[in-house]
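4 protein chains.
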Amino acid sequence: MTATSSTTQNASAAAPDLGPRAFRTGRHGDTITVGIVGATGYAGGELIRLLLGHPNVRLAGLHGRNRENQPIAASHPSLGATSLVIDQAIPEADAIFTALPHGVAAGMAADLVARGSALLDIGPDFRLHDPADYPRWYKFDHPAPELLAQAVYGLPELHRDEMRAAVDKEATIIGLAGCYPTATILTLAPLARAGLIGDLAVDAKSGVSGAGREPKPDLLFSEVNENVKAYGLFNHRHTAEMEQELQQQGERGALASRDANPGVATVDFLPHLIPMTRGILASCHVRPTRPVSQAELDALYDEAYRDEPFVQVVADPPSTKHVFGSNLCRICVKVDPRSGRILALGVIDNLVKGAAGQAVQALNVLFGLPETTGLGQYPIAP
Amino acid sequence: MTATSSTTQNASAAAPDLGPRAFRTGRHGDTITVGIVGATGYAGGELIRLLLGHPNVRLAGLHGRNRENQPIAASHPSLGATSLVIDQAIPEADAIFTALPHGVAAGMAADLVARGSALLDIGPDFRLHDPADYPRWYKFDHPAPELLAQAVYGLPELHRDEMRAAVDKEATIIGLAGCYPTATILTLAPLARAGLIGDLAVDAKSGVSGAGREPKPDLLFSEVNENVKAYGLFNHRHTAEMEQELQQQGERGALASRDANPGVATVDFLPHLIPMTRGILASCHVRPTRPVSQAELDALYDEAYRDEPFVQVVADPPSTKHVFGSNLCRICVKVDPRSGRILALGVIDNLVKGAAGQAVQALNVLFGLPETTGLGQYPIAP
Amino acid sequence: MTATSSTTQNASAAAPDLGPRAFRTGRHGDTITVGIVGATGYAGGELIRLLLGHPNVRLAGLHGRNRENQPIAASHPSLGATSLVIDQAIPEADAIFTALPHGVAAGMAADLVARGSALLDIGPDFRLHDPADYPRWYKFDHPAPELLAQAVYGLPELHRDEMRAAVDKEATIIGLAGCYPTATILTLAPLARAGLIGDLAVDAKSGVSGAGREPKPDLLFSEVNENVKAYGLFNHRHTAEMEQELQQQGERGALASRDANPGVATVDFLPHLIPMTRGILASCHVRPTRPVSQAELDALYDEAYRDEPFVQVVADPPSTKHVFGSNLCRICVKVDPRSGRILALGVIDNLVKGAAGQAVQALNVLFGLPETTGLGQYPIAP
Amino acid sequence: MTATSSTTQNASAAAPDLGPRAFRTGRHGDTITVGIVGATGYAGGELIRLLLGHPNVRLAGLHGRNRENQPIAASHPSLGATSLVIDQAIPEADAIFTALPHGVAAGMAADLVARGSALLDIGPDFRLHDPADYPRWYKFDHPAPELLAQAVYGLPELHRDEMRAAVDKEATIIGLAGCYPTATILTLAPLARAGLIGDLAVDAKSGVSGAGREPKPDLLFSEVNENVKAYGLFNHRHTAEMEQELQQQGERGALASRDANPGVATVDFLPHLIPMTRGILASCHVRPTRPVSQAELDALYDEAYRDEPFVQVVADPPSTKHVFGSNLCRICVKVDPRSGRILALGVIDNLVKGAAGQAVQALNVLFGLPETTGLGQYPIAP
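Residue numbers (this note's numbering), protein chains in the order written: chain S, 1 to 382; chain W, 1001 to 1382; chain R, 2001 to 2382; chain Z, 3001 to 3382.
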């Protein structure tokens, strides 16, 4: 992929020593080699943008269906300053990011981890722990349930220790959290752990880039502009992730507090498409299991996130523009003094914290780097 | 306001015979004289656009603060084809529409109705029945509680008969429904009447025109574009209307069915500003009071709206663009087979069905015209 | 297409008497039957919207490839209130509108005019008088040059008399003006006739709907939003129309004034895609052939357009939003006192005056109706 | 401005040694202290964003009218991660950036440079060399013509050597180029130097952020969205800069080539407001002074820009989105084989290369750092 073919040869030569364990033993010096499969989509492009600015990463290979030998700038004109070219083969590297249609990464995972590479899947193939959830929500049978059993759900704020431990597993696989789930789970996790979620409606608004780059009639500018609509009623696939993770947070909290309430059973999730490119706002309407004060909520969220570099708990309703282009998640939680209900609002940039940035954050965890490495960009406004 | 001063003189001469009762007795021929106070804002402009196409209306006067004697086209360049000019005095006419900051119409109402004019207030001054709601929600004491007692809530689909009866009252005053309440109440009324609303969160998305035309930093293009945010947490003034009307629908239904459940006590209402100019989508998340089937919902809504010219019940989630520029409200109601929850989605154009169009519809009711007169515009798409 | 099949039968029975000549002899009463071929695109949808409000038209048939027997509302959800259905056959009617990819209408024209129908082509197949221009600009050989010779260029403001005369031709064919040419030619025609255009650059900005409804990567919301670009450098097909018409206006003016300057030879035309759905602004930079005063320009444009119902000459730079949803063209012409250059700015709604509205205006001309019939809509703002 | 007041005291103590000369002698170590006057506007916010990521800069003070002692995050919520506070006094620092209404920076310049600080003015007060241009174009008399005489026009690609030399002047003042002029001058400079510009129309399109943050009716979302318009006909102030610089480039080229043609006399400049937040596209329509081939153009631009880190000459028409959030300028130049005209297209992000990024680039030049320091951000897309 790089301009000089020698680079790829070097990467190949290093194959036996690939992966986070090899890196941590110092055999690589300071450089992590990275490959991207599915480099021509929006998440792929965002990943390249971020990794080009990462001080410890060398892009060792890009892969994109039917674009072999094309400059990557043909797919991503904004990256015109690079001379990177799309490879024919799946690259060999310490870490492989996959940004592919569902089912595809699962099919190639065994080969990738056999080389020692860590696999960080931006798609959904390694997010759900129960193999039965794949036919149920995604309409395919998971081809590698034994690998699924080793995968870690890729939301570093909740699964940092498991990610670190994954380095010593046979297969190091991260099923990076989806965009809606990232916003929703971070926004609700403290409530879930405290057993506070009685009834829950998650009403989410997303920019259009989350729908990907394939041209479909509904994604045309003329259809999306000056328009808003709900979609995916009752069956959006991200619901499964939210329920899995909120349930687990609830159990974790119940265990810790010996509380009998393990949290929500179902998530009433309703996504909307709004006329913007980037950003997700998850508006979570919660009927609490018991009366709660604002002070209690403030304390819960402060405790949960005060040491998190990418989560900002704020006093006013956040705008997606407050996090545009950054890996930040901004959260505001309020109790309604009139009704006793809780409103929890969270925003992210769906392509950064909801995809490529989260992937880089997970890479940093796996390879023992400070989590903010290469992710220090401030949001762009206006 | 009209180019010839004689017109105004004629209107003045007709003063004693003003108003809907006079019109219905045939003293006017086919023409209703209409004045607009607050003609320079967005709702005022939309009203002029609609009334210029109304076959039975003559615009007898426009009023706008600090713009006296200016052509209306200076305020609304899109209306450049008219030669209408802003008057110095409040016009005399069969019907006066007021589109003013809250508290202003209430102060001038007594004078207007004394002339015989019907008063159709697009602002909030005559929407809430309980005078105590004004200091509570709007922070002012209502200056004319005796007129408030005669006012009819201006949502023709729910209060058509009261509107007609208002013609024979001492004062004919319509407090036209707000934009969010129009979308929300129409979307939920059948559920409220059936006593089905157990728990309710209304998550609404609005275009920016609803915030009016006064320049404020938060309404600048650079702030709104590529952005979404919630606002008005727990205290949006439209909440009061929604609770008043849904409560009333619930009581009406309870009375009819001898059911003990009069409906919701509080509405968890959360509005959002999204980057578009026109349109409101109200996404209503309902936990029903009892299990309900899709067939039952379909029957409820069919019965409620099959004869309504402006309400379309559809099978797929509606887009605001499906009603852009029209007086339509489009509604979709579904029960989630997994959770048993109900999702009710409603869209309107906030400046038409949510303001000026509804006002014209109410005018038609008061003056005994077919309700669709002057409101036959199809939505504009894309 | 209509809900009852009998309608179509009636239309068929009327076939021998189809067309504008038949209508003008009074054999139809007040109703013109109309068919649309290519009803599922944006121009088709706009045409239906306008014709549903036209008092003298009955939609006798809709045709759309691969959508036979579908409700038209499946293609145009905003038209959900109609029960129109897409026909299998090309409809028989007094007038057939074609809104089709280039080359298709030319292929079916002979059949259509043989029935007596007037053909109003929204596509480019009958706009260029010289058959050689089709292979040159459109890369196809015109299949019916003998029909092309009878076609009238469909810009009523410039070719009204020819349109009227076309009713008595063997074939009544209108090649409706393209969207960019409509804005540009109307903006420049008075200068062209006066022989004032020395050097000319037309820098045009268009909303995205002009690119049609076929999903292409470049038309995705995420690509168009927050973006502007030029395209079609030096070879946009509409250039041919502009040169043909401006040349003709120049010749007409030279003939009238015995002036030797017949106008521009080439148009430097540069279109841009901007992030909006509807609207075209043509900014025409003119180096005049001789010094000219503002008063002379004002007089030229006043004379040209004072009696035109759809052309408004204004003193300030017009916005596309001033004409949104209407059949208006708004023009502002200024001379730069510093440089002596002329700036001529014109705006239209590309789907109305630039397509469907212009088509209805031409229909009115052909059938002897007031030109504004069914086109009285005021622009929608904001 | 920093959280601890001691910081400001330290800065004060360092005052005698302030400025680029002091820095270059090594007295500062690696850190340049920087102050921003006018920190609460869009350009100010962008400057903070960039400087927070600059490895050699310490923000020593922020100033903003009527916001003293407020956290900067109250003005720029996207910068919520910083604890910077707005100072009461104008900060003392090696470099002061001013982003102020015209006339204000000129008034405070004498004081600032007296301390040794370099002054980098993002406003227009030091761009025009001829004092008479200020009353003419900006309607104020320049209060410090003696400082104006020492100021350097701040477009590093054209005035790098003068900037370096300015360090040794009594007053080091950079009048940073305006946003439209940056795009236009970079796009045309090679043609101007080659004496190729015969006739010139610059048709520019800008996002709304260039109009600043003061709430004005015309900048409301509802007015700008779904709209395009020209403004500033014949009198936009940036015209003066363009003429000054293109004239100078022409003279420079004429001098070098002994060519008699010193370039354009007047620029026909027409700016447009389009519905996006960031970005400028300058479409330059050029009638060349003599026939020119594409190969000659390619060679001219390659020679001019091949070593420039921020200017990319490309083969296809550039989009503003290709440079969003970056300090890049992307240019495409083509000759029309049919007409012989030249079309030169240039895009920038108006808040980066058109304001804050250019300011940082100039800072790097003044302080002897690599020009790309702190400016390595890739554009964000989509």
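Each residue gets a CB set at the ideal place from its N, CA and C atoms; glycine is no exception. Keep in mind that this is a model prediction, so the values were computed, not measured.
Burial state of residue i (16 or more Cβ within 10 Å)
i          : result
Asn364(S)  : buried
Gln358(S)  : buried
Asp3199(Z) : buried
Asn2069(R) : exposed
Asn235(S)  : exposed
Phe1269(W) : buried
Thr1184(W) : buried
Gly374(S)  : buried
Ala149(S)  : exposed
Gln1377(W) : buried
Ala95(S)   : buried
Ser3005(Z) : In this prediction, Ser3005(Z) scores a pLDDT of 37, lower than 50, which makes its location untrustworthy; the coordinate-derived value is nonetheless stated afterwards. The residue in question, Ser3005(Z), is exposed, as its Cβ has fewer than 16 Cβ neighbours within 10 Å.
Asn1056(W) : buried
Lys2321(R) : buried
Arg338(S)  : exposed
Thr1187(W) : buried
Assigned secondary structure, residue i (DSSP; H/G/I helix, E/B strand, else coil)
i          : result
Thr289(S)  : coil
Gln2312(R) : strand
Leu3063(Z) : The question names Leu, but residue 3063(Z) in the sequence shown is His. In the structure shown, His3063(Z) sits in a strand (DSSP, three-state: E or B).
Phe1269(W) : strand
Tyr2231(R) : coil
Arg2136(R) : helix
Asp3203(Z) : strand
Residue-chain proximity (residue i, chain W), Cβ-Cβ < 7 Å
i          : result
Arg2067(R) : no
Gly2325(R) : yes
Asn229(S)  : Note that residue 229(S) is Lys in the sequence shown here, rather than Asn. At least one chain W Cβ lies under 7 Å of Lys229(S).
Pro3071(Z) : no
Assumed close pair residue i, residue j - CB separation to whole angstroms, cut-off 8 Å
i          : j          : result
Ala2201(R) : Ala3201(Z) : 5 Å
Ala204(S)  : Ile280(S)  : 6 Å
Phe2126(R) : Tyr2134(R) : Not really, about 10 Å apart at Cβ, beyond 8 Å.
Leu1176(W) : Leu1120(W) : 6 Å
Cys1329(W) : Lys1353(W) : 5 Å
Arg160(S)  : Arg252(S)  : About 14 Å separates the two Cβ atoms, so there is no contact after all.
Val1286(W) : Ala1344(W) : 6 Å
Ala2109(R) : Leu2147(R) : 5 Å
Contacts of residue i in chain B (Cβ-Cβ under 7 Å)
i          : result
Glu2226(R) : Of the chains in the structure shown, none is chain B; the protein chains are S, W, R and Z.
Interface flag, residue i vs chain S, CB-CB below 7 Å
i          : result
Gln3361(Z) : no
Arg1341(W) : yes
Tyr3301(Z) : no
Test: residue i CB closer than 7 Å to a CB of chain R
i          : result
Gln1358(W) : no
Ser1083(W) : no
Handout entry: At least three beta-carbon pairs within less than 8 Å, the segment 1023-1033 of chain W to the segment 3107-3120 of chain Z
Key = no
Problem - Touch test, the segment 217-227 of chain S against the segment 2266-2280 of chain R, Cβ-Cβ under 8 Å, three pairs minimum - result: yes
Handout entry: Cβ contact (3+ pairs, closer than 8 Å) linking the segment 3207-3226 of chain Z and the segment 2294-2313 of chain R
Key = no
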